[in-house]
């Protein structure tokens, strides 16, 4: 019994997962139910796209896309663990994950993945046809992501393509067409993801070096803070261009000032030798996403004043 308990993460004994029946806890852990930050970071670009497009009465999209972000992020986590289960056994932070520790079978994990994707399909059917096609196109990027850390120093860039895809879905979900502002919003989001995922990768630098996993944090090394600042600057440039494309008014760009200050604070506090601090900064991006959302909503709605 004690040997079994040693393979159970603390998060499965407390909090939300701890309230579930023991039989369900490993599956909730696979879905990262105890770590909603990933859902927030996947959701925000979706919400930005809808907001910048002016909503046009489709307020329900914010709820549908939130559900979609939750189930697809959960499905992505399970799929990632399926691919990485052998690698996860070699990393201290991940060796207790349900698949790596053997508490969930590969077959059960695939059943869970397919079930979550079915819920995602229900969400997909609520969107306009163009948005549906764009959303489906992301599956190729999602399928390839877990392998990127094995072949490139910049898997964070690939994650940026995936986690920013919602910007390309949210806009046509409102307008019915994929236009320039959505592409600019997406590019800004890609840079944002590379920045915050570099922060996340800082905590694993030592383990990653031991098992040969590549990351932007390892590639940047002592210059990680400068790299994060540069990617955040690119993100702000992309978002500013998207706002300008919708409303060419310098006042519109002022809406991004709170987000810019937030990101500047993150960059200034980044320390490549402080994994715990980097994790705190990474998680703070849920609030950055909210600040950017406010900017997109204000400017998007002002188009119809």
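Residue numbers (this note's numbering): 1 to 305.
Glycine included, C-beta positions come from ideal geometry on N, C-alpha and C.
These numbers were taken from a predicted model, which means no experiment stands behind them.
* **Which of helix, strand or coil DSSP assigns to residue 56** => The residue labelled residue 56 in the question sits at position 56 within the chain shown. Correct three-state label for residue 56: coil.
* Exposed or buried, what is residue 221 when buried is set at 16 or more other beta-carbons lying within 10 Å of its beta-carbon? -> As a first step, residue 221 is located in the chain shown; it is residue number 221 there, counting from the start. Exposed.
* Please go through the same chain and pick out, in chain order, the residues whose beta-carbon is closer than 7 Å to the beta-carbon of residue 270, but skip the five residues on each side of it. => Position 270 of the chain shown, counted from the start, is the residue given in the question as residue 270. Contacts found: 199, 224, 225, 228, 278, 281.
* Return the residue from the list 108, 218, 302, 142 that minimises the CA-CA distance to residue 152. => Along the chain shown, one-based indexing puts residue 152 at 152. Here the closest residue by C-alpha is 218.
* Do residue 130 and residue 176 have their CB atoms nearer than 8 Å? -> Position 130 of the chain shown, counting from 1, holds the residue named residue 130. Position 176 of the chain shown, counting from 1, holds the residue named residue 176. Yes, Cβ-Cβ distance for residue 130 and residue 176 is below 8 Å.
* Asked: How close, in whole Å, do the beta carbons of residue 161 and residue 141 come, if the pair is a contact with beta carbons under 8 Å?
  -> The sequence position of residue 161 within the chain shown is 161, counting from 1. The sequence position of residue 141 within the chain shown is 141, counting from 1. Contact holds; Cβ gap of about 5 Å.
* Compute the distance between the beta-carbons of residue 106 and residue 30, then report whether it is under 8 Å. => By 1-based counting over the chain shown, the position of residue 106 is 106. By 1-based counting over the chain shown, the position of residue 30 is 30. Not closer than 8 Å, so no.
* To do: Measure the C-alpha to C-alpha separation of residue 78 and residue 20 and round it to an integer number of angstroms.
  => For this step, residue 78 is matched to residue 78 along the chain shown. For this step, residue 20 is matched to residue 20 along the chain shown. Distance between the alpha carbons of residue 78 and residue 20 is about 19 Å.
* Can you tell which of 196, 96, 49, 252 has its C-alpha closest to the C-alpha of residue 272? -> Looking up residue 272 in the chain shown gives position 272. Of 196, 96, 49, 252, the residue nearest in Cα terms is 196.
* Entirely enclosed alpha helix (DSSP H) segments - the segment 88 to 131, minimum 4 residues -> 98 to 101, 106 to 124
* Measuring only between beta-carbons, confirm whether residue 239 sits less than 8 Å from chain C. => Of the protein chains in this structure there is only one, and it is not chain C.
* **Terminal residues of the alpha helix (DSSP H) in which residue 266 lies** => Locating residue 266 in the chain shown gives position 266, where the first residue counts as 1. Taken as a continuous stretch (DSSP letters only), the alpha helix (DSSP H) holding residue 266 covers 257 to 269.
* What is the DSSP secondary structure of residue 297, reduced to helix, strand or coil? -> Locating residue 297 in the chain shown gives position 297, counting from the first residue. If DSSP states are grouped into helix, strand and coil, residue 297 belongs with the helices.
* Please determine, among 120, 154, 28, the residue with the shortest C-alpha to C-alpha distance to residue 138. => Mapped onto the chain shown, residue 138 falls at position 138. Residue 138 has its Cα closest to that of 120, out of 120, 154, 28.
* Element boundaries [alpha helix (DSSP H), containing residue 156] -> Along the chain shown, read from residue 1 onward, the residue named residue 156 stands at position 156. First-last of the alpha helix (DSSP H) with residue 156: 155 to 163.
* Asked: Excluding sequence positions up to five away, which residues of its chain have a Cβ less than 7 Å from the Cβ of residue 291?
  -> By one-based count along the chain shown, residue 291 stands at place 291. Correct list, in chain order: 258, 259, 262.
* Asked: Pick from 33, 81, 51: whose alpha carbon is nearest that of residue 70?
  -> As a first step, residue 70 must be located in the chain shown, where it is residue number 70. Measuring from the Cα of residue 70, the nearest candidate turns out to be 33.
* To do: Quick one: residues in its chain with C-beta nearer than 6 Å to the C-beta of residue 297, no 5 flanking neighbours on either side, listed in chain order?
  => Your numbering for residue 297 matches position 297 in the chain shown. 51.
* **Residue environment, residue 303, which counts as buried when at least 16 other CB atoms sit within 10 Å** => Position 303 of the chain shown, counted from the first residue, corresponds to residue 303. Residue 303 is exposed by the Cβ-count criterion.
* Could you tell me if residue 144 is buried or exposed, where buried requires 16 or more neighbouring beta carbons within 10 angstroms of its beta carbon? => Residue mapping note: residue 144 aligns to position 144 of the chain shown, counting from 1. Exposed.
* Let me know the secondary structure DSSP gives residue 175 once reduced to three states. => Walking along the chain shown from the start, residue 175 turns up at place 175. In the structure shown, residue 175 sits in a helix (DSSP, three-state: H, G or I).
* To do: Kindly indicate which three-state DSSP category residue 152 falls into: helix, strand or coil?
  => Here the question's residue 152 lines up with position 152 in the chain shown. Correct three-state label for residue 152: coil.
* Three-state secondary structure (DSSP) of residue 24 -> Reading the chain shown from its first residue, position 24 is the one you call residue 24. Reduced to three states, the DSSP call for residue 24 is coil.
* May I ask which residues mark the beginning and end of the alpha helix (DSSP H) holding residue 194? => The sequence position of residue 194 within the chain shown is 194, counting from 1. Element bounds for residue 194: 180 to 202.
* Buried versus exposed call for residue 185 [16 or more other C-beta atoms within 10 Å across all chains shown] -> Numbered from its first residue, the chain shown carries residue 185 at position 185. Classification of residue 185: buried, given that the 10 Å Cβ count is 16 or more.
* If residue 146 sits next to residue 83, beta carbons under 8 Å apart, how far is it from one beta carbon to the other, in whole angstroms? -> Taking the first residue of the chain shown as position 1, residue 146 is located at position 146. Taking the first residue of the chain shown as position 1, residue 83 is located at position 83. Contact holds; Cβ gap of about 4 Å.
* Asked: Taking the C-alpha atoms as reference points, what is the distance between residue 128 and residue 174?
  -> Sequence index remark: in the chain shown, residue 128 carries index 128 (1-based). Sequence index remark: in the chain shown, residue 174 carries index 174 (1-based). Their Cα atoms are separated by approximately 8 Å.
* First and last residue of the alpha helix (DSSP H) that includes residue 280? -> Here residue 280 is taken as the residue at index 280 of the chain shown, counted from 1. Looking at the DSSP string, the run of the alpha helix (DSSP H) that includes residue 280 is 275 to 283.
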